[in-house]
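Last residue of the sequence shown? That's 655 in this note's numbering, and every number before it is there in order.
All C-beta atoms in this analysis are idealised placements derived from N, C-alpha and C, irrespective of residue type, glycine included.
What you are looking at is a predicted structure, and each value in this text was computed from that prediction instead of being measured.
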Amino acid sequence: MHSLIWSDGQWSSGTKLIGAGDHAFWMGSTVFDGARAIHGQLPDLHAHCERAINSAVTMGMQPRGGRDDIVRLVHEGLAQLPVAHDYYIKVLFYCPGGFLLPDPATTTLALHLFEAPLPADTGFSATFSDYRRPAPSMAPTDAKASCLYPNTQRAMRDAAQQGFDNAIMLDPDGAIAEFAVANLWLVRDGVAKTPVVNGTFLNGITRQRVIRLLRDDGIQVVETTLWPEDLLVADEVFSTGNYGKVLHCLRVDAQPFAHGPVARRARELYLQFSAAGPR
Ligand code: PMP
């Protein structure tokens, strides 16, 4: 598997990065973002790099350089890898220094590029998790901070133990927030619906892109509060997220869903957008 790391101002192969004494390792002062190279194209790379910087700032870090510096480094790294493969592009900021509080002056950028084929849209199953997404008053929900992910891991582990591929997480009020690490959509009578941003889930870059692509294609998209009962009357369910882009859901608990026209169109539009390259 091809893999490349950028840290301490240089590229190397392998995956070693932080040490046991680092604050990031001990107390989780790490933020990250994930972008993708698909057939040599880098859809929304700028947005992912910008969000990595914003996440770092939210967590009190002091990232040096700007979005375009990270974009340049990503291009530099990819130029060293065979273009025939798809890659996951992880942009990390972390603080090695500090004791209880991280030392923002030690904010460090690292990149991890690794081969990761875009998953085929074969359909996934999901179940409702008992764990909820936190309210903004409980956790830094607007940052893509590593410290938020143990809860999603618990949800995914529980789902896997019950034989499901994914988990649906509710917000503190019991409304649908998202899938474990992707945004949730349902379709009813040809209208695509996705939870309205309320600070409890990540407003995914893929989500925002798919909203625009569907609307431009003449499909109605409604951002609204969705309750678990809304799934009972849905015609289609699908997810959006950087890793799999658009993937359709075949089943939530015992309820089956069709692989319908809106989910198919959303994936097709996304892949067309990606293939069209930078604009
Ligand atoms: N929610 C969570 C919790 C995630 O980790 C991700 C993946 N980054 C998403 C949603 C989807 O966001 P994006 O489309 O920006 O990858």
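Any non-hydrogen atom of the ligand PMP closer than 7 Å to residue i Cβ
i       : result
Thr-406 : no
Leu-645 : no
Asn-559 : yes
Asn-618 : yes
Phe-577 : yes
Ile-446 : no
Lys-520 : yes
Arg-583 : yes
Thr-528 : yes
Glu-426 : no
Gly-499 : no
Glu-599 : no
Beta-carbon proximity list for residue i, same chain, < 7 Å, skipping 5 on both sides
i       : result
Met-435 : Ser-405, Val-407, Pro-516, Ala-519, Ala-521
Nonlocal neighbours in the same chain, by C-beta distance under 8 Å from residue i, ignoring five residues either side
i       : result
Glu-599 : Lys-569, Thr-570, Pro-571, Val-572, Val-573, Ile-587
Nearest-angstrom Cβ-Cβ length linking residue i and residue j, presumed shorter than 8 Å
i       : j       : result
Ala-319 : Thr-503 : The chain is shown only over 377 to 655; residue 319 falls outside these bounds and no answer can be derived.
Ala-610 : Arg-564 : 6 Å
Contacts around residue i, its chain only, beta-carbon distance under 6 Å, and the 5 residues preceding and following it disregarded
i       : result
Val-613 : Leu-562, Cys-625, Phe-633
Thr-482 : Cys-471, Pro-472, Gly-473
Ala-428 : Asp-409, Val-467
Pro-439 : Ile-429, Ala-432, Phe-469, Thr-483
Cα-Cα separation between residue i and residue j, rounded to whole angstroms
i       : j       : result
Arg-508 : Gln-584 : 23 Å
Ala-556 : Gly-617 : 10 Å
Ala-413 : Ile-394 : 25 Å
Pro-510 : Ile-381 : 32 Å
Leu-418 : Gln-537 : 35 Å
Ile-327 : Ala-651 : Outside the modelled stretch of the chain, which goes from 377 to 655, sits residue 327, for which no answer is possible.
Ala-396 : Met-403 : 11 Å
Glu-426 : Arg-443 : 5 Å
Cβ of residue i within 8 Å of any chain B Cβ
i       : result
Thr-528 : The structure shown contains no chain B; it is built from a single protein chain.
Subject >> Unbroken stretches of the alpha helix (DSSP H), 4 residues or longer, contained in the region 563-637 >> reply: 581-592, 604-608
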